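Step one of this worksheet: look at the structure below.
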Amino acid sequence: MSKADPVAGVVLAAGAGRRFGMPKVLADQGEWLARAVDALDHGGCDDIIVVLGAAVVEVPAPARAVVAARWADGMSASVREGLKAAGDAEWVVLQTVDTPDVGADVVARVLDAARGAGSGLARAGYDGRPGHPVVVARRHLAELAAALHGDQGARAFLGARDDVVAVECGDLATGLDIDER
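Under our numbering, the letters of the sequence shown match residues 68 to 248, in that order.
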C-alpha cells in the first residue's frame, strides 16, 4: 500500500450463488474473479482482498484471500470480513464479483469522486441505477460496520445518508449484477 493514502479494494465473492446455480466466484472458469481483481488493481487500489466463503479458491495476483466463516449469514458477513482485512486503509472500495463488465476505468472514476467529495462517500451508478463499486473513507468504516446485517451489504448505510456522491458510469459499463445463468 502507498503510505500516504492507502486504498484497499474488497471483492465480495463469498456467496453460494443459489439463483445462479453455483458460487459466482467460479463463474466463467474464474474469469469474473480475475476481472474484478484486475479492475481494482488497475483502478487505484494498493491492497486487494477477495472475501471467499461458499467456495474457497486460489485468487489471482496481486490479491489475497480471506474467508468469511459466517458467509451463509449473508452479504453483511462478507463486507464485515473485508473491512476487517482492509486494516488501516484510508479508503475502501467495495466491488462484487458478479458485475464482470465493471473495469478499472469505473473504479478509478468512483475513487476519484470519493476523494474529491467532502463526505468521502461515492457510489457508481448506471443510467441512474445505483451499483458497484462503492467507495468509503476510513472515517465512516465503524459506522458502516455497525449498520451491517443479514443479506444486505452497505445498502442500509448508504440509503440512510444524503451525502453519498452518485457517480454516473453508464458510459463505461452496464454494471449489471448477474444473478442467473
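Think of the CB as a built atom: it goes at the ideal place given N, C-alpha and C, for glycine as much as any other residue. In this text the structure is predicted, and so the values were computed from the model without any measurement.
7 Å Cβ cutoff met for residue i and residue j
i: Val159; j: Cys236; result: no
i: Pro73; j: Val104; result: no
i: Arg67; j: Asp246; result: This structure leaves residue 67 out entirely; the chain is present only between 68 and 248.
i: Arg147; j: Ala212; result: yes
i: Ile116; j: Ala152; result: yes
i: Ala106; j: Ala171; result: yes
i: Ala180; j: Ala191; result: no
i: Leu208; j: Leu150; result: yes
Three-way DSSP call (helix, strand, coil) for residue i in this model
i: Leu208; result: helix
i: Arg85; result: coil
i: Asp95; result: helix
i: Ala189; result: strand
i: Gly110; result: helix
i: Arg102; result: helix
i: Ala233; result: strand
i: Ala132; result: strand
i: Leu80; result: For the record, residue 80 in the displayed sequence is Ala; it is not Leu. Residue state, collapsed to three classes: coil.
i: Ala156; result: coil
i: Ala75; result: strand
Boundaries (first-last residue) of the beta strand (DSSP E) holding residue i
i: Leu225; result: That residue, Leu225, is in no beta strand (DSSP E); its alpha helix (DSSP H) goes Arg222 to Gly226.
i: Gln219; result: No beta strand (DSSP E) holds Gln219; DSSP gives it neither H nor E.
Terminal residues of the alpha helix (DSSP H) in which residue i lies
i: Leu150; result: Met142 to Ala152
i: Gly183; result: Ala171 to Gly183
Inter-residue spacing [alpha-carbon to alpha-carbon] between residue i and residue j
i: Asp168; j: Ala71; result: 30 Å
i: Ala121; j: Met89; result: 9 Å
i: Ala144; j: Leu215; result: 8 Å
i: Gln96; j: Val231; result: 35 Å
i: Leu161; j: Val234; result: 14 Å
i: Ala139; j: Leu79; result: 13 Å
i: Ala227; j: Val92; result: 30 Å
i: Arg248; j: Asp229; result: 35 Å
i: Ala83; j: Asp165; result: 12 Å
i: Asp108; j: Arg102; result: 10 Å
Beta-carbon separation (whole angstroms), residue i vs residue j, contact threshold 8 Å
i: Gly250; j: Gly242; result: Examination of residue 250 is not possible in this model, given that the chain is present from 68 through 248 alone.
i: Val118; j: Ala81; result: 5 Å
i: Gly110; j: Ala175; result: 5 Å
i: Leu225; j: Val201; result: 7 Å
i: Gly187; j: Arg206; result: 6 Å
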